[in-house]
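Reviewing the structure listed below.
Numbering (this note's numbering), first residue to last: -6 to 264.
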């Protein structure tokens, strides 16, 4: 095909920024060059880089990296929304985590971001009736990252998990868009029910460290759950809940608590 007939490459500012960050990182620390080249600069898209990274993390003696990578490549090719979600997750981490200073860092180092991308591949496998492979992804994500997400759970775009230790998200849980949660969060059931038994988290919700949300309850959009709370009842939109069991203690304090990451509970006068 003649040069003037070539289809232009689609604009991808997130991937372009990652490549710029990668080159700057190598200039700053040449000893990272090999890792950064194989993880980022040898690839022509974020999806390709993610397939490679997920394969390197989840491969085992029982499942070679080549097979894991082929599964991830197939998922990204079949469902472009997976790449869109990955970009939204990357930007969420960069904008909300003060310890994140580049878009490259989550791809290389942040297990919360990496685990969520691996979960998304497992969820794609589940939806395509490849459930044993989906369970394999769930098991390896739990073993490697310490995060246990059932592949049937539904998670929206723009998720940020800070620190990402001991996260548990159950089979029928639903997490909306632009949610932020910290370590040791559980979205679980309350017994041995085998039907729809897990929480439904709205958009823009902030869930503090160690919070437990249990049962098929709705957490309203743009609400806040304080650290260490145990939530057993539905939470209206734009409210803050705290305690064991949790109760409403005030308004959410802003339009988008998941974006501001403000976890301070302001006492009302007289408290």
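No residue lacks a Cβ here, since even glycine has one placed at the ideal position from N, Cα and C.
For residue 146, which of 179, 204, 8 and 157 has the nearest alpha-carbon?
The count along the chain shown starts at 1 and reaches residue 146 at position 153. Selected option, being the one with the closest Cα: 179.
**Endpoints, beta strand (DSSP E) assigned at residue 234** = As a first step, residue 234 must be located in the chain shown, where it is residue number 241. 232 to 235 is the extent of the beta strand (DSSP E) around residue 234.
Review point. Would DSSP call residue 164 helix, strand or coil?
Key: As a position in the chain shown, residue 164 is number 171, starting the count at 1. Coil at residue 164, not helix or strand.
Distance check for residue 97 and residue 30, CA to CA, integer angstroms please. Your numbering for residue 30 matches position 37 in the chain shown. Your numbering for residue 97 matches position 104 in the chain shown. Rounded to the nearest angstrom, the two C-alpha atoms are 12 Å apart.
Near residue 7, what residues of its chain come up, given a Cβ to Cβ distance below 8 Å and the 5 sequence neighbours on each side ignored?
Residue 7 sits at position 14 when you count from the first residue of the chain shown. So the list reads 39, 80, 83, 84 and 96, once near-sequence residues are dropped.
Check: At what residues does the beta strand (DSSP E) containing residue 242 begin and finish?
Finding: Residue 242 sits at position 249 when you count from the first residue of the chain shown. Its beta strand (DSSP E) spans residues 240 to 244.
Which residues mark the beginning and the end of the beta strand (DSSP E) in which residue 228 is found? Numbered from 1 along the chain shown, position 235 holds the residue referred to as residue 228. First-last for residue 228: undefined, no H or E at that position.
Please identify the residue among 201, 132, 241 and 245 whose C-alpha is closest to the C-alpha of residue 220. As a position in the chain shown, residue 220 is number 227, starting the count at 1. For residue 220, the closest of 201, 132, 241 and 245 by C-alpha to C-alpha distance is 201.
Could you name the residues that DSSP lists as bridge partners for residue 181?
Indexing the chain shown from 1 puts residue 181 at position 188. In the DSSP assignment, residue 181 is bridged to 207.
**Message:** Check for me: the alpha helix (DSSP H) holding residue 29 runs from which residue to which?
**Reply:** As a position in the chain shown, residue 29 is number 36, starting the count at 1. For residue 29, the enclosing alpha helix (DSSP H) covers residues 26 to 29.
| task | Quick one: grab the DSSP three-state call for residue 7. | result | Translated into the one-based positions of the chain shown, residue 7 becomes position 14. Correct three-state label for residue 7: helix.
| query | Alpha carbon to alpha carbon, what distance is there between residue 70 and residue 258? | reply | Within the chain shown, the letter at position 265 stands for residue 258. Within the chain shown, the letter at position 77 stands for residue 70. If I take the Cα positions, the gap works out to 44 Å.
### Query
Does DSSP classify residue 199 as helix, strand or coil?
For the purposes of this step, residue 199 is identified with residue 206 of the chain shown, where counting begins at 1. Of the three classes helix, strand and coil, the one that applies to residue 199 here is strand, per DSSP.
Ignore the nearest five residues each way along the sequence and tell me which others in residue 135's own chain have a CB closer than 7 Å to its CB.
Taking the chain shown and counting its residues from 1, one reaches residue 135 at position 142. Closer than 7 Å at Cβ, skipping near neighbours: 141.
Inset, instruction - Report the rounded CA-to-CA distance for residue 188 versus residue 182, giving the unit in angstroms. - result: Position 195 of the chain shown holds residue 188. Position 189 of the chain shown holds residue 182. One C-alpha to the other measures close to 10 Å.
If you check the beta carbons only, do residue 216 and residue 205 fall under 9 Å apart? The residue you call residue 216 lines up with position 223 of the chain shown. The residue you call residue 205 lines up with position 212 of the chain shown. Contact: no.
Identify which residue in 34, 23 and 28 has its Cα closest to the Cα of residue 13.
Here residue 13 refers to the residue found at position 20 of the chain shown. With distances taken between Cα atoms, residue 13 lies closest to 34.
**Request:** Could you check if residue 240 is buried or exposed, using at least 16 other CB atoms within 10 Å of its CB as the buried criterion?
**Result:** The residue you call residue 240 lines up with position 247 of the chain shown. By the neighbour-count definition (other C-beta atoms within 10 Å, threshold 16), residue 240 is an exposed residue.
Just curious, the beta strand (DSSP E) that residue 257 is in, first and last residue?
Start at 1 with the first residue of the chain shown, and residue 257 comes out as number 264. Looking at the DSSP string, residue 257 is not in any beta strand (DSSP E), and its letter there is neither H nor E.
- residue 153 by DSSP, collapsed to three states: which one? Looking up residue 153 in the chain shown gives position 160. Looking at residue 153 - three-state DSSP - the assignment turns out to be strand.
Notebook entry, point to check: Going by C-alpha distance, which of 170, 48 and 22 is nearest residue 251?
Noted result: As a position in the chain shown, residue 251 is number 258, starting the count at 1. The candidate whose alpha carbon is nearest that of residue 251 is 170.
So what's residue 56 in DSSP terms, helix, strand or just coil?
-> Locating residue 56 in the chain shown gives position 63, counting from the first residue. In the structure shown, residue 56 sits in coil (DSSP, three-state: anything other than H, G, I, E or B).
Considering Cα atoms alone, identify which of 52, 11 and 104 is closest to residue 160.
Translated into positions along the chain shown, residue 160 becomes position 167. Residue 160 has its Cα closest to that of 104, out of 52, 11 and 104.
| message | Is the separation between the beta-carbon of residue 175 and that of residue 156 shorter than 9 Å? | response | Numbered from 1 along the chain shown, position 182 holds the residue referred to as residue 175. Numbered from 1 along the chain shown, position 163 holds the residue referred to as residue 156. Cβ atoms of residue 175 and residue 156: closer than 9 Å.
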